[in-house]
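Some notes on the structure that comes next.
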Amino acid sequence: MPRAWVDGVETVLTDNEWGRHAAAFLGCGFRVVTPAGPVRPAALAAARQQAVRIAELFDATWDEAPWRSAASGAGAIEIVGGWRHQFRGPAGAQTTVIRSVPLPQQQWRRASGVRLPWSLDAHSPVTGLPMISGLEEDQALRTLETDTVGLWWNTDGHLVQSTAGPLLLRVAGAWLRPPAGDGAVPHFVWSRAAELLDARESPVDDKVLAAAEAVHAVDSLGRVVTLRGAAGADELLDAVARISEPITD
Numbered sequence: 320m321p322r323a324w325v326d327g328v329e330t331v332l333t334d335n336e337w338g339r340h341a342a343a344f345l346g347c348g349f350r351v352v353t354p355a356g357p358v359r360p361a362a363l364a365a366a367r368q369q370a371v372r373i374a375e376l377f378d379a380t381w382d383e384a385p386w387r388s389a390a391s392g393a394g395a396i397e398i399v400g401g402w403r404h405q406f407r408g409p410a411g412a413q414t415t416v417i418r419s420v421p422l423p424q425q426q427w428r429r430a431s432g433v434r435l436p437w438s439l440d441a442h443s444p445v446t447g448l449p450m451i452s453g454l455e456e457d458q459a460l461r462t463l464e465t466d467t468v469g470l471w472w473n474t475d476g477h478l479v480q481s482t483a484g485p486l487l488l489r490v491a492g493a494w495l496r497p498p499a500g501d502g503a504v505p506h507f508v509w510s511r512a513a514e515l516l517d518a519r520e521s522p523v524d525d526k527v528l529a530a531a532e533a534v535h536a537v538d539s540l541g542r543v544v545t546l547r548g549a550a551g552a553d554e555l556l557d558a559v560a561r562i563s564e565p566i567t568d
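Numbering-wise (the numbering used here), the sequence shown opens with residue 320 and increments by one.
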């Protein structure tokens with residue numbers, strides 16, 4: 320059973336009880352996943368920073384207790400939390416759940432990219448943050464066939480994200496990454512891989528996508544999905560493998 324905290328106090332919540340708490344958030348919450356291994360503390364710190372930004376945005380009281388507990392573990396985890404909505408009042412108490420996440424059975428696979436028919440808002444205050452609401456993602460996944468990955472464009476006409484994680488593109492022998500401000504939701508593994516590959520930020524419109532030799536998605540656990548071509552796949556997988564090593568710089 321997942322571990323849960325309500326307003327700083329660890330408690331036990333059934334799935335139904337958690338569902339009632341989450342429904343009261345009305346979207347005011349976060350969901351992050353951190354990998355296992357030596358990289359876990361740095362990934363957890365990056366995820367916490369994202370969640371704190373969401374709390375600040377909603378002027379919500381921050382609960383540190385779940386994060387202190389998460390720091391003592393070693394495995395991959397999902398942390399989901401939020402604040403009870405109160406009409407014309409400050410956000411209510413924070414409820415947080417931590418679940419163990421099984422390690423990936425497969426680190427790399429191929430899939431087809433499918434352009435999704437909905438656009439992500441490029442100019443929302445929560446753009447680029449790991450919000451708890453999964454409605455758009457769930458709707459997208461229901462429309463996708465096996466071995467297909469949904470590609471999200473934003474309202475400015477830029478490719479920003481996929482249902483398999485944020486993207487890294489190989490264009491003219493160089494690495495590109497969509498800017499976080501365009502709508503990509505970064506996570507530690509992707510950001511670190513982009514850094515190791517010296518990927519530069521560049522808006523990805525249809526012209527850039529057409530010129531790409533390869534398009535890869537990277538999820539929070541370091542799984543890579545190649546959506547086009549094969550250029551740079553070995554280099555990317557090597558970078559992801561290096562991320563699992565202790566960070567010394």
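Think of the CB as a built atom: it goes at the ideal place given N, C-alpha and C, for glycine as much as any other residue.
Simplified DSSP state of residue i, which is helix, strand or coil
i	result
T467	strand
T353	strand
E383	coil
A536	strand
L478	strand
D568	Reliability fails at D568, whose pLDDT of 45 lies under 50, so the model's placement of it is uncertain and the value that follows must be treated cautiously. Three-state result, D568: coil.
R339	helix
R403	coil
Beta-carbon proximity list for residue i, same chain, < 8 Å, skipping 5 on both sides
i	result
E554	L516
L460	G469, T482
R519	A493, W494, L495, R496
D440	T446, N473, T474, G502
Cβ neighbours of residue i in the same chain (closer than 6 Å, five flanking residues each side left out)
i	result
A503	V479, Q480, P485, P497
E397	V352, R418, V420
G411	W402, R403, Q405
L463	G469
R350	V399, P449, I451
Proximity winner among the options, relative to residue i (alpha-carbon distances)
i	options	result
I373	A355, R387, G401	G401
I417	G408, T353, T465	T353
Q424	L463, H340, W437, L540	L540
R387	H535, E329, G348	E329
C347	G394, I451, G392	I451
A365	A430, H506, H477, D334	H506
E336	L345, A323, G327	A323
R428	D557, R542, A362, V371	R542
Q458	D466, W471, P449	W471
Residue span of the alpha helix (DSSP H) that contains residue i, given as start and end
i	result
E590	Absent from the model: residue 590. The displayed extent of the chain is 320 to 568, so no value can be given.
E554	552–562
L495	From DSSP, L495 is part of no alpha helix (DSSP H) but of the beta strand (DSSP E) over 493–496.
A436	Note that residue 436 is Pro in the sequence shown, not Ala. No alpha helix (DSSP H) contains P436, which is instead part of the beta strand (DSSP E) from 431–439.
S419	First-last for S419: 413–419, but that is the beta strand (DSSP E), not the alpha helix (DSSP H).
L422	No alpha helix (DSSP H) holds L422; DSSP gives it neither H nor E.
V527	525–530
Residues near residue i in its chain [Cβ-Cβ closer than 7 Å; skip 5 each side]
i	result
V490	V527, A530, A531, E532
D524	G476, H477
Residue i at chain C interface by Cβ criterion, 7 Å
i	result
G356	This model lacks chain C altogether, as it is built from one protein chain only.
Endpoints, beta strand (DSSP E) assigned at residue i
i	result
A323	322–325
L488	486–490
V508	First-last for V508: 507–515, but that is the alpha helix (DSSP H), not the beta strand (DSSP E).
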